[in-house]
Amino acid sequence: MTQTTANEATTEATSRASTRASTRPSTREWDAESLGRRFEEVRGHTEALAAPLSPEDQTVQSMPDVSPTKWHRAHVTWFFETFLLAENEQGFAPFQDKYWFLFNSYYETLGPRYARPDRGLVTRPGAHEVGDYRANVDARVRDLVDTLDGGSLEKLTPIIELGFHHEQQHQELLLMDIKHVLSRNPLQPVYAGSPVERCEPDRLGWVEVEGGLVEVGHEGAGFSFDNELPRHRQWLEPYRLADRLVTNGEWLAFMADGGYERHELWLSDGWAKVRGEGWSAPLYWSEHDGVWFEHTLHGTWPVNPGLPVAHVSFYEAEAFATWAGKRLPTEAEWEHAVVTDGQGSQHGRDEQVVGNLADGGSFHPRPAQPAPAGSRLRQVHGDCWEWTSSAYHPYPGFHPPEGAIGEYNGKFMSNQMVLRGGCALTPAGHARASYRNFFPHGARWALSGVRLADGGAPA
Ligand SMILES: [Fe+2]
């Protein structure tokens, strides 16, 4: 195992003084009891997701983008230890000095860290020892929260709340990552869930949106990440949005029409990927005796035409839209359409978000269901993250917070595209209209799909 040098350890020790979390004030009313209860829920949910996985399952890293399950379990624990306990616990000492190095994901401010592509080589600590780490930090966080006075509680609530949402992000990644890990196993293991009956795509409708000078970005009560701010104005020409996601059946038609063989449908970088990596279908699809199969978290099954296509890259989504004579929506178009359709509170209230999220237990996109009462757009939240044509850039006036926590989002605002909506692996309470997910153009292992747009003028 890679060891930190004395010099690195010194750097780590001195850098601990600069972890101070400078986040905006929480907008939700929390007290010690509700914070403690939510902490138990979020932490318990991570362990429930890992429970069906053996220590061996939890150790494998099947490609550099994937992290082992036990790494996710340890890293979210490190987050609370680093950003909450190190600054605020009396007589703080890390659970294990080396964990500081091992489970730092990307925070340069905190000093050296273990190489991401090699996370699968870390056989020790094992999955059970990671459980010990979690239990230790859990107890210390509970003790801290129980002893905070009113002023300290108010001061620390934003970082604790960020810890909840950070852990939820990793719950989704844990599922995306183990899906890839299990896909490499010829025994086709099942994680959970079961397939839905074969069905055909239903009629695709279009929702007209007037556009004009609109406001986008998070507003009001409820949690948001810093990248959803500030709320700002944006001009939108009139446009139309498909009322559901593109289906496997439609993707099969794209493939049958030479979708992966016709360079004129592709952006130059995308075509290079098609040629260089031999793409001929979405990730997790394989053809046997003329029948396409799809690897899912509930095993490998024939591709179901009525389900949303999943695990396609931005390049593939864009090529499909070109083939269909349409385009991808901008992120502002997506958000404005969803909010005016009544499915995304401008005030970020979780109760307005419904859809096929991870709490439904399907862990896979489902056929489009009727829109919620009074709305027209279907499959808005859940099923698949939806690629947009918007590059991931800071909103006007965005400034990352000071300190290590400022590295959370801002430094990734380059060479990535925004996705909206959430997916079937997204925890309940972690989807909202203003949420900006982001992945590189060629990424396919995220549960990403396609919603078409038409008309208007792409920004
Ligand atoms: Fe993280």
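If you use the UniProt record's numbering, the sequence shown corresponds to residues 1 to 459, in order. Just so you know, even glycine gets a beta-carbon here, dropped at the ideal spot from N, CA and C. Bear in mind the structure is a predicted one, so any value in this text is a computation, not a measurement.
Problem set entry | N-terminal and C-terminal residue of the beta strand (DSSP E) that E215 is part of | 212–216
Problem set entry | For G403, the first and last residue of its enclosing alpha helix (DSSP H) | No alpha helix (DSSP H) contains G403, which DSSP labels as neither H nor E.
Exercise. Out of curiosity, what's the CA-to-CA distance linking E89 and F95?
Worked result: The straight-line gap from Cα to Cα measures roughly 13 Å.
Exercise. CA-CA distance, Y107 and V76?
Worked result: 13 Å
Problem set entry | Check whether D243 and V196 have beta carbons under 8 Å apart | Contact check for D243 against V196 fails: the beta carbons are separated by 8 Å or more.
Problem set entry | Cβ-Cβ separation, G382 to A424 (assumed contact under 8 Å), whole Å | Right, their Cβ atoms sit about 6 Å apart.
For this session: Could you please give the first and the last residue of the uninterrupted alpha helix (DSSP H) stretch that includes Q169?
Result: Note, Q169: alpha helix (DSSP H), 150–183.
Exercise. Within 7 Å: the Cβ of F80 and any heavy atom of ligand 1?
Worked result: Outside the cutoff, so no.
For this session: Output the boundary residues of the alpha helix (DSSP H) element that contains E318.
Result: DSSP places E318 inside the alpha helix (DSSP H), whose first and last residues are 314–323.
Problem set entry | Environment of L452 [buried if 16+ CB atoms lie within 10 Å] | buried
Exercise. Just the residues with CB closer than 6 Å to a heavy atom of ligand 2, in chain order, which are they?
Worked result: No copy of ligand 2 occurs in the structure displayed; its ligands are ligand 1 alone.
Exercise. Is T330 helix, strand or coil when you go by DSSP?
Worked result: coil
Exercise. What does Y239 pair with, by DSSP beta-bridge criteria?
Worked result: V209, G455
For this session: Within 10 angstroms of the Cβ of H311, are there 16 or more other Cβ atoms? Answer buried if so, exposed if not.
Result: buried
For this session: Pick out whichever of A431, P117, N248 has its Cα sitting closest to the Cα of G222.
Result: A431
Problem set entry | Contacts around A443, its chain only, beta-carbon distance under 8 Å, and the 5 residues preceding and following it disregarded | D65, S313, F314
Problem set entry | Rounded separation between P458 and P125 - CA only | In this prediction, P458 scores a pLDDT of 48, lower than 50, which makes its location untrustworthy; no coordinate-derived value is stated.
Exercise. Tell me, which residues are paired with A391 by DSSP?
Worked result: M417
Exercise. Can the beta-carbon of A168 be found closer than 8 Å to that of P427?
Worked result: A small fix is needed here, since residue 168 is Gln in this sequence, not Ala. It is a contact, given that the beta carbons lie within the stated cut-off.
Exercise. With a cut-off of 8 Å, do at least 3 Cβ pairs link the region 385–402 to the region 226–246?
Worked result: Touching, per the Cβ criterion.
For this session: Check the DSSP bridge columns for T247 and list the partner residues they point to.
Result: P308
Exercise. Among K98, G150, M63, E81, which has the Cα closest to the Cα of R119?
Worked result: M63
Exercise. Should L213 go down as buried or exposed, given a rule of 16 or more other Cβ atoms within 10 Å for buried?
Worked result: In summary, L213 is exposed, with fewer than 16 beta-carbon neighbours lying within 10 Å of its beta-carbon over all protein chains present.
Exercise. Could you check where the alpha helix (DSSP H) with A136 kicks off and where it finishes?
Worked result: Correcting the residue type first, residue 136 is Asn in the shown sequence and not Ala. Looking at the DSSP string, the run of the alpha helix (DSSP H) that includes N136 is 127–147.
Problem set entry | Expected contact under 8 Å - CB spacing of C199 and G44 to nearest Å | Between G44 and C199 the Cβ distance is about 35 Å, and since that is not below 8 Å, they are no contact.
Problem set entry | C-beta contact flag for L245 and I159 at 8 Å | no
Problem set entry | Contact check, P440 vs N415, beta carbons under 8 Å | yes
For this session: Quick one: grab the DSSP three-state call for G382.
Result: Here G382 sits in strand by DSSP.
For this session: Output the distance between the C-alpha atoms of T2 and Q61, rounded to the nearest integer angstrom.
Result: Legend: pLDDT at T2 = 30, less than 50; position of this residue unreliable, value from coordinates given subsequently. Spanning the two alpha carbons is a distance of roughly 17 Å.
For this session: Identify, in the order they occur along the chain, each residue of the same chain with its Cβ nearer than 6 Å to the Cβ of W235, setting aside the five sequence neighbours on each side.
Result: Answer for W235: L213, listed in chain order.
Exercise. Using DSSP with H/G/I as helix, E/B as strand and the rest coil, what is residue 460?
Worked result: What the structure shows of the chain is the stretch from 1 to 459, and residue 460 is not part of that stretch, so it cannot be assessed.
For this session: Work out the CA separation of F79 and G211 for me, nearest whole Å.
Result: 41 Å
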